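>
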Amino acid sequence: MAAKRPAARAAPGARPLADGVWAEATCAFERWTAGDQAGLDELVAVMTPVLWHVVRAYRLPADVAEDVVQTTWLALVRRRTTIADPGAVGGWLTTTARREAWRVAKSAQHAVPVADEVLGARLPAGRSAEAEAVEDDGRRRLWAAVDGLPERCGRLLRVVAFEQRPDYARLAVDLDMPVGSIGPTRARCLAKLRVALVQAGGA
Amino acid sequence: MSEMGREDLLAVVRTVWEERDPVPPGLVERAQAAAGLAATDAATDAALDLDGELVALMELVERSEELVGARGSATYTLRFVHGETDLLVRIAVDDGRSRIDGWVVPPEPMTVRAGGHEATVTDTGRFELDDLPLGMLRLDLEPHDAHRAPFATPAFEI
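Here the protein sequences line up with chains A and B, keeping their order. For the first sequence, the residue numbers in our numbering are 6 to 208. For the second sequence, the residue numbers in our numbering are 1325 to 1482.
#1: Ordered along the chain, which non-local residues of its own chain (more than five positions away) have a Cβ less than 6 Å from that of residue 1333 of chain B?
#2: Once the 5 residues before and after residue 197 of chain A are set aside, which same chain residues still bring their CB inside 7 Å of it?
#3: Give me the subset of the region 1423-1438 of chain B whose CB atoms are less than 8 Å from a CB atom of chain A, sorted by chain position.
#4: The alpha helix (DSSP H) with residue 52 of chain A in it runs from where to where?
#5: Can you pull the chain A neighbours of residue 1446 of chain B, defined as C-beta to C-beta under 8 Å?
#6: What are the residues that DSSP puts in a beta bridge with residue 1406 of chain B?
#7: Go through its chain and collect everything with a Cβ distance to residue 1387 of chain B's Cβ below 6 Å, but skip five positions before and after it.
#8: Applying the criterion that 16 or more other CB atoms from any shown protein chain within 10 Å of the CB defines a buried residue, is residue 1408 of chain B buried or exposed?
#9: Per DSSP, residue 1418 of chain B forms a beta bridge with which residues?
#10: Does chain C have any CB closer than 8 Å to the CB of residue 1417 of chain B?
#11: Cα separation between residue 1346 of chain B and residue 200 of chain A?
#12: Looking at the unbroken beta strand (DSSP E) that takes in residue 1438 of chain B, where does it start and where does it end?
#13: Could you tell me the alpha carbon to alpha carbon distance between residue 74 of chain A and residue 40 of chain A, rounded to whole angstroms?
#14: Going by alpha carbons, who is nearest to residue 174 of chain A out of A/184, A/180, A/166 and A/167?
#15: Taking Cβ positions only, does residue 1414 of chain B come closer than 8 Å to chain A?
#16: Check whether the region 1358-1365 of chain B and the region 1328-1343 of chain B touch, using three or more Cβ-Cβ pairs below 8 Å as the test.
#17: How would you label residue 165 of chain A, buried or exposed, when you count the other beta carbons within 10 angstroms and need 16 or more for buried?
#18: Between residue 1380 of chain B and residue 1473 of chain B, is the Cβ-Cβ spacing less than 8 Å?
#19: Quick check on DSSP: helix, strand or coil for residue 1380 of chain B?
#20: Under the DSSP definition of a beta bridge, which residues are partnered with residue 1428 of chain B?
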């Protein structure tokens, strides 16, 4: 599948989410279910960053997003025996996190504007001004291209970018989109991003 | 420029989000602590419960930060829901000492356990827990009605 292809033409600074993440998760899960508690720590370390991005795509405030991540881990601990195929653990986790994020966002109307994301968008300092200027310029173009997407595109691509094999039917419900429209919408959103990157000259 | 493929574009999206909304410091460690705590509990539960029945987790529906005072004092409330049961918890931490006030709606006789402490829900639905250890904590609720299955809150930090 295309997912196995190395991102040889990726923009500067972009890197693929290693297929290794899912393999590592599977391996850690197997160790844990075999009785090694360190396997659970490793699984949490490998998958928590992925869950963070999937959950934050629902625009929950940071502390609420963190609770959703935690609830996901508790759900895994309590229901681990229901995961028959260790290879599916990554997908089980992202799906569970997404459902929980959706439920929390709906139930408490937690969804907020992107204010804290914008506040968090600070560039690290400490390198030579010139190198920083060049690099920041490239970065800013990438950010601007992603920011320029319609909101729904931005959220959809964030989820798709961090998940292994998103469940499209469920994703459609979560993002209030018609079932069956996710595939075409994703293609349109990717095309928009491609155009934006070309126009920004950042790719 | 050669045309960027799907994976290249998704890699750009990942890079941008990893930079602008990075995983908060300590999140992985806190998640490991919560999962580890739950795993220990689950092992205990499994040992005690022959049916292997899992305790249902309540859902966190609201969280408010009321006051953050000087010298590490803080007060906040959490609201959890499970079926028809609503649980409001007010947590006050002052100088390393913590106190939890809880309200169960509708009121129902239950035993609440957390961090080695135990309390009973009164007729009005209230309970209190004092001097709980700071760190990750979970409330276990066991209805006195034997037909009602026990349930628990997700772990939270005090």
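We put the CB at the ideal spot given by N, CA and C, even for glycine. Please read all numbers here as calculations on a predicted model, not as lab measurements.
Result, derived from the coordinates:
#1: none
#2: 154 and 158
#3: Sequence-ordered contacts of the region 1423-1438 of chain B with chain A are nonexistent [C-beta pairs closer than 8 Å].
#4: 42-61
#5: The premise fails here: residue 1446 of chain B is roughly 28 Å from chain A at the closest Cβ pair, so nothing lies under 8 Å.
#6: Looking at the DSSP assignment, residue 1406 of chain B forms a beta bridge with B/1409.
#7: 1402
#8: exposed
#9: B/1421
#10: Chain labels in this structure do not include chain C; the protein chains are A and B.
#11: 26 Å
#12: Residues 1434-1438.
#13: 23 Å
#14: A/184
#15: no
#16: no
#17: buried
#18: yes
#19: strand
#20: B/1411
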